[in-house]
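Asker: Provided herewith is a single structure, encoded as structure tokens, for subsequent inquiry.
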Amino acid sequence: METKLHSFQSVVLLLFVSGILLLSGLDKVDVNIMEARNFISAREMVQNQEYLLTTLNNQPRYEKPPLPTWLTAISGTVFGFDSLFAMRLPVVAITMSLVFMFYYHSKLMGLNEKHALNNGLILITSFYIFFAGRDNQWDMYTHSFMMASIFFLWKLFQEDAKQIQNALCAGLFLGFSILSKGPVSFYALFLPFLISYGVVYRIPFRRKWFYFAGMLFSGLVIGASWYIYVRLKDPESFNAIASRETANWSSYEVKPFYYYWSFFLQSGLWAIPSLLALIYPYLKSRVSNLKAYQFSLLWTLLALVFLSIVPEKKVRYLVPVLIPLALTTGFYIEYLIRSFKKSMPRWERNVACFFSGIIVLVGFAYPFALIFILKEKLVAHIFIGIFSSLLMVGCALFIINGLMQKNFSKVFYSMIALFTVVVFALAPLSKELVYNPNYASASKALSIEKQYNVKTYSLSAVAPEIIWDFGKPIPVLLPNGNQILLPVEKQFGLLVDMKDSASITKQFQQYDIQKLYRINLNYAKGIKDRLVKDYYLFSKVSE
Numbered sequence: 008m009e010t011k012l013h014s015f016q017s018v019v020l021l022l023f024v025s026g027i028l029l030l031s032g033l034d035k036v037d038v039n040i041m042e043a044r045n046f047i048s049a050r051e052m053v054q055n056q057e058y059l060l061t062t063l064n065n066q067p068r069y070e071k072p073p074l075p076t077w078l079t080a081i082s083g084t085v086f087g088f089d090s091l092f093a094m095r096l097p098v099v100a101i102t103m104s105l106v107f108m109f110y111y112h113s114k115l116m117g118l119n120e121k122h123a124l125n126n127g128l129i130l131i132t133s134f135y136i137f138f139a140g141r142d143n144q145w146d147m148y149t150h151s152f153m154m155a156s157i158f159f160l161w162k163l164f165q166e167d168a169k170q171i172q173n174a175l176c177a178g179l180f181l182g183f184s185i186l187s188k189g190p191v192s193f194y195a196l197f198l199p200f201l202i203s204y205g206v207v208y209r210i211p212f213r214r215k216w217f218y219f220a221g222m223l224f225s226g227l228v229i230g231a232s233w234y235i236y237v238r239l240k241d242p243e244s245f246n247a248i249a250s251r252e253t254a255n256w257s258s259y260e261v262k263p264f265y266y267y268w269s270f271f272l273q274s275g276l277w278a279i280p281s282l283l284a285l286i287y288p289y290l291k292s293r294v295s296n297l298k299a300y301q302f303s304l305l306w307t308l309l310a311l312v313f314l315s316i317v318p319e320k321k322v323r324y325l326v327p328v329l330i331p332l333a334l335t336t337g338f339y340i341e342y343l344i345r346s347f348k349k350s351m352p353r354w355e356r357n358v359a360c361f362f363s364g365i366i367v368l369v370g371f372a373y374p375f376a377l378i379f380i381l382k383e384k385l386v387a388h389i390f391i392g393i394f395s396s397l398l399m400v401g402c403a404l405f406i407i408n409g410l411m412q413k414n415f416s417k418v419f420y421s422m423i424a425l426f427t428v429v430v431f432a433l434a435p436l437s438k439e440l441v442y443n444p445n446y447a448s449a450s451k452a453l454s455i456e457k458q459y460n461v462k463t464y465s466l467s468a469v470a471p472e473i474i475w476d477f478g479k480p481i482p483v484l485l486p487n488g489n490q491i492l493l494p495v496e497k498q499f500g501l502l503v504d505m506k507d508s509a510s511i512t513k514q515f516q517q518y519d520i521q522k523l524y525r526i527n528l529n530y531a532k533g534i535k536d537r538l539v540k541d542y543y544l545f546s547k548v549s550e
């Protein structure tokens, strides 16, 4: 009974911390390019009643599989496509499922309740996991589903009960992962896991080969089903997009092999503990479960190597490395909690005091930083400013108290609390922190369209963020030789790039042209030209 109660408390704490981190100010951050693509495709799915041949601005969009978009479309249908909070709920839900699956997987590995709980807390407070968990694009879905597949695969390898059920569940979630972002997670998370498990624990192929083969087969069939359908229904578009995507792996965002080697920094709060946890000669004699530590370390390093081999590299591609890294970091934190009060060498205690002290400084500096950043705007947020400052300083004092008592458990949970307070306080104020006085929404351009009762076109490609904010597809005028093929309507709206605005009146002299509005979706100071469009009203001059 006591164990169940303790497990219940762990679940509640994980739910509470994850909920605050993922839901606070969820609708306050502007939509980025990847999210916009997902949101537009979800909206067009419902508008066009086409759920398999996915589109973006009413053009074929097969670069990414549709499962995350299906889930987003469901949320948009239920809660409304105008609610940014609702549009991001699916990724919050899938990230929470990742945290809990990670927690239960830690217990499945033989780690005790507290260790498993700490692993879950480390994962959700790792900076890029937390960041990706609020950003409704494809990465978090594919890796969360793959983690679920790995959980059931572990049960299949370790247990003799319910083998068919575990194999089917592992295959189902493997298929869902592929339907979320193709074979990305299979390559970056699953294969490193499989190799690491085989090296450390030995895969029981003789007894389990049939179930393992069935798992792989069912997962690949489910994952490939959408690709096969699209290939048959729209082969020309599918082949063109597939060729472009394949070429990107070796020609787009190409970075050197060592680009990811500072990957531990993406864990943010746990950067120094993560680095120390990766030093095998140091930690191997200090962990309580050497085999599990060897497995998690090898899994982390293999995921890093696999990603480093691929020429195309982006920071957000590091998410699959941060999952086993949280598991590896948990062993170092567990060692500190277990040994900090005992006969730990002074230099080790000093290192722990150093990285904990950095967090303490953040807590004490927070009120001053808030005043410096918000300035006169602080008056409007005075309550949350005072309340969060008191909590931050309180967390910093608890960390100091824990260090003085040589109680690292208190230090650890105070660090979690401090991070949670920062997100709870600052996420809703994010637009205040990066305010751009020239920001002008695209939705206002849609109201201008309705005012003049015209249809809006664009002279060139439109950023997905603008299409999403505008609220509906924006047809792009196609060139006819050296001439632009203009609409047949006598009056229409036209979006034009800033660089083309100066010459627009000279280029189309047969029209009366009025500049009515400038869209500017740069929510921070500074300008990305692709997020700026001038809205012109074209009226054909009577001959």
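Every position in the sequence shown, counted from 1, becomes a number in the working numbering once 7 is added.
We treat Cβ as the ideally placed atom computed from N, Cα and C, and that holds for glycine.
These numbers come from a predicted model, not from an experiment.
What are the start and end residues of the beta strand (DSSP E) that includes F545?
Answerer: Taking the first residue of the sequence shown as position 1, residue 545 is located at position 538. Looking at the DSSP string, the run of the beta strand (DSSP E) that includes F545 is V539 to K547.
Asker: Can you name the start and end residues of the beta strand (DSSP E) that T61 belongs to?
Answerer: For the purposes of this step, residue 61 is taken as the residue at position 54 of the sequence shown. That residue, T61, is in no beta strand (DSSP E); it is neither H nor E in DSSP.
Asker: Within 8 Å, do at least three Cβ pairs link the region 282-291 to the region 326-344?
Answerer: Short answer: they touch.
Asker: Under the rule that 16 or more other beta-carbon atoms within 10 Å means buried, what is D89, buried or exposed?
Answerer: Here the question's residue 89 lines up with position 82 in the sequence shown. Exposed, since its Cβ has fewer than 16 Cβ neighbours within 10 Å.
Asker: Looking at G230 and I185, is the spacing between their C-beta atoms short of 9 Å?
Answerer: Sequence index remark: in the sequence shown, residue 185 carries index 178 (1-based). Sequence index remark: in the sequence shown, residue 230 carries index 223 (1-based). Going by C-beta atoms, I185 is nearer than 9 Å to G230.
Asker: Measuring alpha carbon to alpha carbon, tell me which of V207, K320, P97 and V539 ends up nearest F164.
Answerer: Taking the first residue of the sequence shown as 1, we reach residue 164 at position 157. Nearest C-alpha to F164: V207.
Asker: Leaving out five residues before and five after K462 in sequence, what residues of the same chain have Cβ atoms less than 6 Å from its Cβ?
Answerer: Locating residue 462 in the sequence shown gives position 455, counting from the first residue. Hits under 6 Å: F499.
Asker: For the beta strand (DSSP E) containing K522, name the first residue and the last one.
Answerer: Locating residue 522 in the sequence shown gives position 515, where the first residue counts as 1. Its beta strand (DSSP E) spans residues Y518 to N527.
Asker: When you compare each of M154, N173, V322 and K438 to K384 by their alpha carbons, which one comes out closest?
Answerer: In the sequence shown, residue 384 corresponds to position 377, counting from 1. With distances taken between Cα atoms, K384 lies closest to K438.
Asker: Considering G182, what are the terminal residues of the alpha helix (DSSP H) in which it resides?
Answerer: Stepping through the sequence shown from its first residue, residue 182 is reached at position 175. Counting along the chain, the alpha helix (DSSP H) containing G182 begins and ends at Q170 to K188.
Asker: Give me the Cα-Cα distance between I380 and F515, rounded to the nearest whole angstrom.
Answerer: Walking along the sequence shown from the start, residue 380 turns up at place 373. Walking along the sequence shown from the start, residue 515 turns up at place 508. Taking the Cα positions, I380 is about 47 Å away from F515.
Asker: Going by DSSP, which residues form a beta bridge with S465?
Answerer: The residue you call residue 465 lines up with position 458 of the sequence shown. In DSSP, S465 forms a bridge with V483 and L502.
Asker: E319 bridges to which residues according to DSSP?
Answerer: As a first step, residue 319 is located in the sequence shown; it is residue number 312 there, counting from the start. V261.
Asker: As a quick exercise: from L272, I406 and L74, pick the residue whose alpha carbon is nearest that of F371.
Answerer: On the sequence shown, residue 371 is found 364 positions in, with the first residue counted as 1. For the residues L272, I406 and L74, the minimum Cα distance to F371 belongs to I406.
Asker: So, helix, strand or coil for P352, using DSSP?
Answerer: Within the sequence shown, residue 352 is the residue found at index 345, counting from 1. When DSSP states are grouped into helix, strand and coil, P352 belongs to the coil group.
Asker: What does DSSP give as the partner residue(s) for A447 in the beta ladder?
Answerer: To locate residue 447, count along the sequence shown from 1; it is residue 440. Residue pairing from DSSP places A447 in a beta bridge opposite N527.
Asker: Between the beta-carbon of I330 and the beta-carbon of L130, is there less than 9 Å?
Answerer: Working through the sequence shown from its first residue, we reach residue 330 at position 323. Working through the sequence shown from its first residue, we reach residue 130 at position 123. For I330 and L130, yes; Cβs fall inside 9 Å.
Asker: Alpha carbon to alpha carbon, how far is L272 from A310? Give it in angstroms, no decimals.
Answerer: For the purposes of this step, residue 310 is taken as the residue at position 303 of the sequence shown. For the purposes of this step, residue 272 is taken as the residue at position 265 of the sequence shown. In a straight line, the C-alpha of A310 is about 16 Å away from that of L272.
Asker: Just to check my reading of the structure: M154 and M108 have Cβ atoms closer than 8 Å, yes? What is that Cβ distance to the nearest angstrom?
Answerer: The sequence position of residue 154 within the sequence shown is 147, counting from 1. The sequence position of residue 108 within the sequence shown is 101, counting from 1. Confirmed, about 5 Å.
Asker: Just reading off the alpha helix (DSSP H) that F88 is part of, what are its end residues?
Answerer: Sequence index remark: in the sequence shown, residue 88 carries index 81 (1-based). Taken as a continuous stretch (DSSP letters only), F88 belongs to no alpha helix (DSSP H), as it is neither H nor E.
Asker: If you follow the alpha helix (DSSP H) that N55 is part of, which residue opens it and which one closes it?
Answerer: The sequence position of residue 55 within the sequence shown is 48, counting from 1. N55 -> alpha helix (DSSP H) spans I40 to N55.
Asker: Tell me whether the beta-carbon of L466 lies closer than 9 Å to the beta-carbon of D507.
Answerer: Translated into positions along the sequence shown, residue 466 becomes position 459. Translated into positions along the sequence shown, residue 507 becomes position 500. Yes; because the gap between Cβ atoms is below 9 Å, this pair is in contact.
Asker: Taking all protein chains shown into account, decide if T61 is buried (16 or more other Cβ within 10 angstroms of its Cβ) or exposed.
Answerer: In the sequence shown, residue 61 corresponds to position 54, counting from 1. Per the 10 Å Cβ criterion, buried.
Asker: Terminal residues of the continuous alpha helix (DSSP H) containing M6?
Answerer: In the structure displayed, the chain extends from 8 to 550; residue 6 sits before or after that span and is not available.
Asker: In the DSSP assignment, what are the bridge partners of P67?
Answerer: By one-based count along the sequence shown, residue 67 stands at place 60. According to DSSP, P67 bridges with T62.
Asker: Is the distance from the Cβ of L377 to the Cβ of S395 below 9 Å?
Answerer: One-based indexing of the sequence shown puts residue 377 at position 370. One-based indexing of the sequence shown puts residue 395 at position 388. The beta carbons of L377 and S395 sit closer together than 9 Å.
Asker: Is I406 helix, strand or coil when you go by DSSP?
Answerer: In the sequence shown, counting from the first residue as 1, residue 406 sits at position 399. The answer is helix: DSSP assigns I406 an H, G or I state.
Asker: Does any CB atom of chain B fall closer than 9 Å to the CB of S192?
Answerer: Protein chains in the displayed structure number just one, and chain B is not present.
Asker: Do V548 and Q517 have their C-beta atoms within less than 9 Å of each other?
Answerer: Position 541 of the sequence shown, counted from the start, is the residue given in the question as residue 548. Position 510 of the sequence shown, counted from the start, is the residue given in the question as residue 517. Yes. Within cutoff.
Asker: How about the region 166-186 and the region 135-145: do they share at least three Cβ pairs that are nearer than 8 Å?
Answerer: The region 166-186 vs the region 135-145: no contact.
Asker: So, helix, strand or coil for I534, using DSSP?
Answerer: As a position in the sequence shown, residue 534 is number 527, starting the count at 1. Coil, per DSSP.
Asker: Whole angstroms are fine: how far does the CA of N527 sit from the CA of D536?
Answerer: The count along the sequence shown starts at 1 and reaches residue 536 at position 529. The count along the sequence shown starts at 1 and reaches residue 527 at position 520. Taking the straight line joining both Cα atoms gives about 9 Å.
Asker: For D541 and V469, what's the separation of their Cα atoms in angstroms?
Answerer: On the sequence shown, residue 541 is found 534 positions in, with the first residue counted as 1. On the sequence shown, residue 469 is found 462 positions in, with the first residue counted as 1. Cα to Cα, the separation comes out at about 12 Å.
Asker: Can you round the beta-carbon distance between Y58 and I101 to whole angstroms, since I take them to be within the 8 Å contact cut?
Answerer: Numbered from its first residue, the sequence shown carries residue 58 at position 51. Numbered from its first residue, the sequence shown carries residue 101 at position 94. About 19 Å separates the two Cβ atoms, so there is no contact after all.
Asker: Flag this pair as touching only if the region 414-424 and the region 343-363 have three or more C-beta atom pairs under 8 Å; answer yes or no.
Answerer: yes
Asker: Quick one: what does DSSP say Q514 is sitting in, helix, strand or coil?
Answerer: Within the sequence shown, residue 514 is the residue found at index 507, counting from 1. DSSP places Q514 in helix when its eight states are reduced to three.
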